Amino acid sequence: MAAAEVDVCLECNKKITKKDYSVQCSEECGGWIHKKCSEIDNEQWKLIEKGKEKFSCKKCIASLKSEVKGDEILVSEDKKAIQEILKLVEKLTIKIKVLEDENAILKNRMTCIENGTVKECYNETRNEVVREYKKTFAETVKNQAKSEVLIVKQISIKNGTDSKKIVSELKEKVDPVNLNVGIKSIKNISNGGVAVHCESGKDVEILKSEVENKLGDQYQVLIPAGRRPQFKIVGIMDKLTEQELIKCLIAQNQIILDQEDGQDAIKVIKIVKGKIGQTAIIESSSTISQSVLLKERLKIKWSICPVYEYVSILRCYRCNGYYHKAADCKNEAACGLCGDNAHETNKCKTNEVRCVNCVAMNKKLSLHLDVGHSAFDPKCCVYKKKVEVMKNRINYDIKSDNDK
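Numbering (my numbering), first residue to last: 21 to 424.
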């Protein structure tokens, strides 16, 4: 390919004559370049000569890349803007629904006042709330997956236990493919056992049967029961022992103990001093827990005490992380208010708040969680996720009316 003698090579800046082997840039600049300056191999040169390929100079390629990158940034910004708009629309939709519901309630109350049937309307509204609560609770129980973990432990521990040996035997004698079972992970646990995490509760049942069949004489195979529900009673004005509190709960609040509940149907976890009176954390069977939460308030001696669902999550007050105590903490200390590593929470003097857990999660998973709150904020995204995980471990095994 020949160029006019006035053209200059884009690389070496020397004139290109008709005798020189050269190629023209197919992009906007339209400049020429010597073949020897272009880094084009013989194969590509032949394709360019035949018109099957086009040549682009380095400058034009760099310009195109810059334009594409700019377009990507614009698209990314547009996506973020659209997501923010969708979130706003969702929030407004929820607010509108709440306002519509409140408006309907007010209209109903006005009608009751006009017709002189306030008491009947109150009873009807309360019954509807109770029915809705029961329905929501029942749906939670219905949709709750069975335990997705299988525990395998060695029966005899005279010669010690070895998790690696258990895993080796499981892989050798149990084939999850033939069982159509999905295995998510295998983790070592204390006393040399292993926990096999499956995709579903059904998979766990199938795997348990197979492991018992193949390894049952050597190992203990079990599906761990979920945690029992807990509730919190606040504002207890009388100082009571654990047994006295349990007696008040049963005698004053019409709590009926089933034979299946046994002696540990109601267990006091702790009684501590609260802002007003005392606060008690109670663990109970699912049936009793549901009954108590529906009451909303409990009679304890001469007090009428609010009651709430309670989800216990182990928190470290050194680093403000989860699932370990300060005595066992191996992390760097961090303030639970501002997230600073230079001082402890009780020595914080700044007015700015910054959640150390959300900061860590953003860094670890490249997220964009809001960090403008303390680690103790109940609206914290990390905390809410921990609560959700813990709730999934609670055993809401409640019999429906059809089961009785």
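Using N, Cα and C, we set each Cβ at its ideal position, and we do this for glycine too.
Keep in mind it's a predicted model, so treat the numbers as computed, not measured.
Candidates the options: closest to residue i by CA position
i	options	result
G264	I291, P244 and N33	The amino acid occupying residue 264 in the given sequence is Glu; Gly does not appear at that position. E264 has its Cα closest to that of I291, out of I291, P244 and N33.
V172	N200, N233 and L30	N233
E67	V43, L84, Q238 and S83	The sequence shown places Leu at residue 67, rather than the Glu named in the question. Of the candidates V43, L84, Q238 and S83, the one whose C-alpha sits nearest the C-alpha of L67 is V43.
D182	L106, S394 and I209	I209
I324	D258, E352, H388 and C349	D258
E59	K70, T37 and C32	C32
N211	N366, R335, K184 and P398	K184
A380	E189, C401, N366 and A362	C401
A353	V187, T299, R338 and N415	R338
L235	E262, I186 and L199	I186
K287	K293, N135, I302 and K295	I302
R413	I333, S386 and N351	I333
E329	E104, V391 and S304	S304
D61	Y41, E104, I102 and A82	Y41
Helix, strand or coil at residue i [DSSP, three-state]
i	result
Q272	helix
A346	helix
A215	strand
L265	helix
N33	coil
A82	helix
W52	strand
V409	helix
Y41	coil
N415	coil
S188	helix
K399	coil
E104	helix
K290	strand
S404	The residue you asked about is not Ser; residue 404 is Lys in the sequence shown. Helix.
V391	coil
K173	strand
Proximity of residue i and residue j at Cβ, strictly below 8 Å
i	j	result
I253	I320	yes
Y342	K406	yes
C80	I53	no
E168	S220	yes
L318	V331	no
V197	L227	no
C218	I206	no
V28	K39	no
A395	N377	yes
G359	C349	no
P249	S311	no
L314	F251	no
N340	G356	yes
V214	I243	no
I270	A300	no
W65	K55	yes
N415	G246	yes
V373	H393	yes
S46	K70	no
Where the beta strand (DSSP E) through residue i begins and ends
i	result
Y239	Y239 to L242
N208	I203 to N208
E303	Q298 to S304
Limits of the unbroken alpha helix (DSSP H) element including residue i
i	result
G221	G221 to L235
P249	Per DSSP, P249 belongs to no alpha helix (DSSP H) and is neither H nor E.
E69	N62 to E69
V194	No alpha helix (DSSP H) holds V194; DSSP gives it neither H nor E.
> Where are the beta strand (DSSP E) runs, 3 residues long or more, that stay fully inside the segment 307–382, in chain order?
Replying inline: 317–320 and 323–330
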